[in-house]
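Reading through the structure tokens given below for one structure.
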Amino acid sequence: MRPERLTLPNIFFRTMRDVRVRFAPSPTGALHIGGVRTALYNYLLARQHKGKMILRIEDTDQGRYVPGAEEYILESLAWSGIKIDEGVSVGGPHAPYRQSERKELYKQYAQKLIDEDNAYYAFDTEAELETMREKLKAAGNDNQQYGMHSRMDMKNSLTLPADETKKLIDSGSYVIRLKVPAGQQIQVNDLIRGLVTVDSSQIDDKVLMKSDGMPTYHLANVVDDYLMKISHVIRGEEWLPSAPLHVLLYRFLGWEQDMPQFAHLPLLLKPDGNGKLSKRAADQMGFPIFPLTWKDPATGEVAKGFKETGYLPEALINFLAFLGWNPGTEQEIFSMEDLINAFSLERINKAGAKFDIQKAQWFNQQYLKATSNEILADQLIRESGQSISRDNAVKIVSIMKERVTFPREIWEQGKFFFTAPMGYDEGVISKKWNDEAVTVITAYKNALTKESAIDSTSAKNVLESAAASVNIGVGKIMQALRVAITGNGSGPDLMMTMEILGKEEVTKRLDNALNTIKVKA
RNA sequence: GGUCUGUUCGUCUAGGGGUUAGGACACCAGAUUUUCAUUCUGGUAACACGGGUUCGAUUCCCGUACAGACUACCA
Numbered sequence: 140m141r142p143e144r145l146t147l148p149n150i151f152f153r154t155m156r157d158v159r160v161r162f163a164p165s166p167t168g169a170l171h172i173g174g175v176r177t178a179l180y181n182y183l184l185a186r187q188h189k190g191k192m193i194l195r196i197e198d199t200d201q202g203r204y205v206p207g208a209e210e211y212i213l214e215s216l217a218w219s220g221i222k223i224d225e226g227v228s229v230g231g232p233h234a235p236y237r238q239s240e241r242k243e244l245y246k247q248y249a250q251k252l253i254d255e256d257n258a259y260y261a262f263d264t265e266a267e268l269e270t271m272r273e274k275l276k277a278a279g280n281d282n283q284q285y286g287m288h289s290r291m292d293m294k295n296s297l298t299l300p301a302d303e304t305k306k307l308i309d310s311g312s313y314v315i316r317l318k319v320p321a322g323q324q325i326q327v328n329d330l331i332r333g334l335v336t337v338d339s340s341q342i343d344d345k346v347l348m349k350s351d352g353m354p355t356y357h358l359a360n361v362v363d364d365y366l367m368k369i370s371h372v373i374r375g376e377e378w379l380p381s382a383p384l385h386v387l388l389y390r391f392l393g394w395e396q397d398m399p400q401f402a403h404l405p406l407l408l409k410p411d412g413n414g415k416l417s418k419r420a421a422d423q424m425g426f427p428i429f430p431l432t433w434k435d436p437a438t439g440e441v442a443k444g445f446k447e448t449g450y451l452p453e454a455l456i457n458f459l460a461f462l463g464w465n466p467g468t469e470q471e472i473f474s475m476e477d478l479i480n481a482f483s484l485e486r487i488n489k490a491g492a493k494f495d496i497q498k499a500q501w502f503n504q505q506y507l508k509a510t511s512n513e514i515l516a517d518q519l520i521r522e523s524g525q526s527i528s529r530d531n532a533v534k535i536v537s538i539m540k541e542r543v544t545f546p547r548e549i550w551e552q553g554k555f556f557f558t559a560p561m562g563y564d565e566g567v568i569s570k571k572w573n574d575e576a577v578t579v580i581t582a583y584k585n586a587l588t589k590e591s592a593i594d595s596t597s598a599k600n601v602l603e604s605a606a607a608s609v610n611i612g613v614g615k616i617m618q619a620l621r622v623a624i625t626g627n628g629s630g631p632d633l634m635m636t637m638e639i640l641g642k643e644e645v646t647k648r649l650d651n652a653l654n655t656i657k658v659k660a
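This note's numbering numbers the first residue of the first sequence as 140 and each following residue consecutively.
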């Protein structure tokens, strides 16, 4: 039996409460593919329960703000098919949704914590903090943190006389730290991992308000989740260690009854070795890590996205959904609609998932094959820049799409549909371009000239009779014929290729091949 | 180092006290195909280790190992 992850009251609680989830990235660069998955799981839960998906921008670190990142996040989610019900760009009842614009809001909650002796002012310099850590380390202390073992040795409103404290506060340079109580077992009931218990001695007196007046993630996230009536916090596993701190904050703020449920997602790991998926790892393996192409405004460096690489959003989403979750059936192809119906937090895995780009390619191929010829034909006409009839475009696409992983490969590998070969595959020439081939192809060309037009059937019939007339099997010269027409040793159905090319073009190319390719002695 | 989390084929995973441990990707082989691809069929391949509990453990418990995350006035 699976371990019990939901207690009965929890189930009751969840069904009684409107599902409101949020995706809360910080605009410090391009959205990582793992972030897309986190957003996806949030979205799936929201849609399944007819709830709301909220996008909140966590830009409390002004130093790390990257221009364009927010727009990038919006565009990436839109491309992925993840729709935002409330948040930046769409607004909503809890606006603003950008934390920097909510700055004033957090102060009162920090003040409440101070008033109730659950937080305090601290004035230590960076150097003093460093000294403290070193001292604790030298003394053999296991955790070198600003907390119950060290706070009374530091420069803060707990240790300084009231008048000096006031002076320092008035000077404006201070932080507010949480006063973590001693000897408590803090429990987080994680929907994926079960009950996680941490001793409060392991939690340090985290900074809640920074000296620039901005809240840290911990405060802002708890305040906003409460104010925005978030029902489920679904986020990456890297947040699990700080979840007890957040529980403490909810408790001190008097919001424990309304605290959201937590679900900490397993990490996305790099394909080889260990460690979490990074841009560096992706670069090494030669696959994208961002949904859309991203140009770093600081360095000018460009990172190609999944979209630009040729991934279809539906395929990427399907693939991503299965990294850490599965429906428990043998169905693998899931549309967004299917995912919304089938998704459940209970079936999310605990262990990290390695990012297997080959599986992503397989999904892409499945979705490409399922895409209608008409849609792909329009794309082909647009992207190839060639003037071809829609009829022919549909034919090209229908024989090419089975063979490729990405749509662009249809025209990359089908160049010969538009231009006569500039050269011929050497390997095929040396093996297959012999007297027999020349005999049959010459006979074939002559027979073709007498036809008024060709389609794949007549092309084949004519070829067979031409080959029979010189007593040579068709099979022996097929590759030579292909190379004469396309320049390549392999490709889609040759008869259909000839139909698309038309009689004139085919005979022209055969002539050309007959004239230029020499039979090896 | 400390805290937390995790560990089923190479990868994503199903399963769960007695199973031939299932599927998918990848890989290999065969069939089909004029070639390559597709498609079809088949195959190789896994319960990290050690102790318990039990008639029986891959499944439950405890350890160990390994891995990861966190350990900022970053999120």
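We treat Cβ as the ideally placed atom computed from N, Cα and C, and that holds for glycine. No experiment lies behind these values; they were computed from the predicted model shown.
So residue i is in the beta strand (DSSP E); what residue range does that whole segment cover?
i: residue 162; result: 159-162
i: residue 336; result: 333-338
i: residue 329; result: 324-329
i: residue 250; result: Residue 250 -> not in any beta strand (DSSP E); alpha helix (DSSP H) instead, spanning 242-254.
i: residue 192; result: 191-194
i: residue 401; result: 400-404
i: residue 237; result: Neither: residue 237 is in no beta strand (DSSP E) and is coded neither H nor E.
Whose CA, out of the options, lies closest to the CA of residue i?
i: residue 386; options: 549, 367, 362; result: 362
i: residue 458; options: 499, 513, 469; result: 499
i: residue 276; options: 230, 289, 616; result: 289
i: residue 546; options: 452, 232, 638, 600; result: 452
i: residue 346; options: 313, 325, 636; result: 313
i: residue 400; options: 654, 653, 158; result: 158
i: residue 382; options: 520, 542, 360, 262; result: 360
i: residue 343; options: 281, 310, 240; result: 281
i: residue 654; options: 640, 623, 413; result: 623
i: residue 330; options: 301, 397, 379, 287; result: 379
i: residue 480; options: 173, 185, 162, 163; result: 185
i: residue 393; options: 365, 512, 162, 528; result: 365
i: residue 591; options: 638, 568, 616, 572; result: 638
Alpha carbon to alpha carbon, how far is residue i from residue j?
i: residue 147; j: residue 234; result: Any reading at residue 147 must be qualified, since the residue scores a pLDDT of 40, below 50, and its modelled position is unreliable; the value itself is stated next. Using only the alpha carbons, I get a separation of about 34 angstroms.
i: residue 589; j: residue 433; result: 56 angstroms
i: residue 253; j: residue 356; result: 18 angstroms
i: residue 625; j: residue 551; result: 13 angstroms
i: residue 475; j: residue 349; result: 41 angstroms
i: residue 536; j: residue 210; result: 34 angstroms
i: residue 259; j: residue 279; result: 27 angstroms
i: residue 224; j: residue 556; result: 46 angstroms
i: residue 306; j: residue 296; result: 11 angstroms
i: residue 427; j: residue 308; result: 48 angstroms
i: residue 646; j: residue 424; result: 44 angstroms
i: residue 438; j: residue 204; result: 15 angstroms
i: residue 447; j: residue 327; result: 41 angstroms
i: residue 352; j: residue 242; result: 8 angstroms
i: residue 576; j: residue 618; result: 9 angstroms
i: residue 628; j: residue 640; result: 18 angstroms
i: residue 613; j: residue 554; result: 25 angstroms
i: residue 232; j: residue 226; result: 9 angstroms
i: residue 477; j: residue 188; result: 14 angstroms
i: residue 335; j: residue 521; result: 55 angstroms
i: residue 151; j: residue 483; result: Unreliable placement is indicated for residue 151, whose pLDDT of 44 sits below 50; the coordinate value is still reported in the next sentence. Whole-angstrom Cα-Cα distance: 16 angstroms.
i: residue 325; j: residue 337; result: 5 angstroms
Spatial neighbours of residue i within its chain, please: CB distance less than 6 angstroms, with the 5 preceding and 5 following residues excluded, ordered by chain position.
i: residue 504; result: 544
i: residue 208; result: 166, 168
i: residue 145; result: Here residue 145 scores only 40 on pLDDT, less than 50, and its place in the model is too uncertain to base an answer on.
i: residue 257; result: 318, 391
Which stretch, first to last residue, makes up the alpha helix (DSSP H) that contains residue i?
i: residue 357; result: 356-366
i: residue 204; result: Run containing residue 204: none; DSSP gives neither H nor E here.
i: residue 389; result: 382-391
i: residue 423; result: 418-424
Can you list, in chain order, the residues of its chain with a C-beta nearer than 7 angstroms to that of residue i? Leave out the 5 residues immediately preceding and following it.
i: residue 142; result: Unreliable placement is indicated for residue 142, whose pLDDT of 34 sits below 50; no coordinate value is reported for it.
i: residue 215; result: 170, 175, 430, 431
i: residue 320; result: 339
i: residue 506; result: 451, 453, 454
i: residue 221; result: 178, 179, 182
i: residue 538; result: 631, 632, 635
I want to check one thing, is the minimum distance from the CB of residue i to the heavy atoms of the ligand ZN below 7 angstroms?
i: residue 415; result: Summarising the ligand content, the structure contains no ligands, and the ligand ZN is consequently not present.
Exercise. Determine, using beta-carbon pairs with one atom in the stretch 400-419 and one in the stretch 486-499, whether at least three such pairs fall under 8 angstroms.
Key: yes
Quiz item: Touching or not, the stretch 552-566 and the stretch 575-586, by the rule of three or more beta carbon pairs under 8 angstroms?
Solution: no
Exercise. Tell me, please, whether the stretch 232-252 touches the stretch 453-471 by the rule of three or more beta-carbon pairs shorter than 8 angstroms.
Key: no
Self-check item: Cβ contact (3+ pairs, closer than 8 angstroms) linking the stretch 369-381 and the stretch 437-444
Solution: Short answer: they don't touch.
Exercise. Would you check if the stretch 416-425 and the stretch 181-193 touch, i.e. whether three or more CB-CB distances between them fall below 8 angstroms?
Key: no
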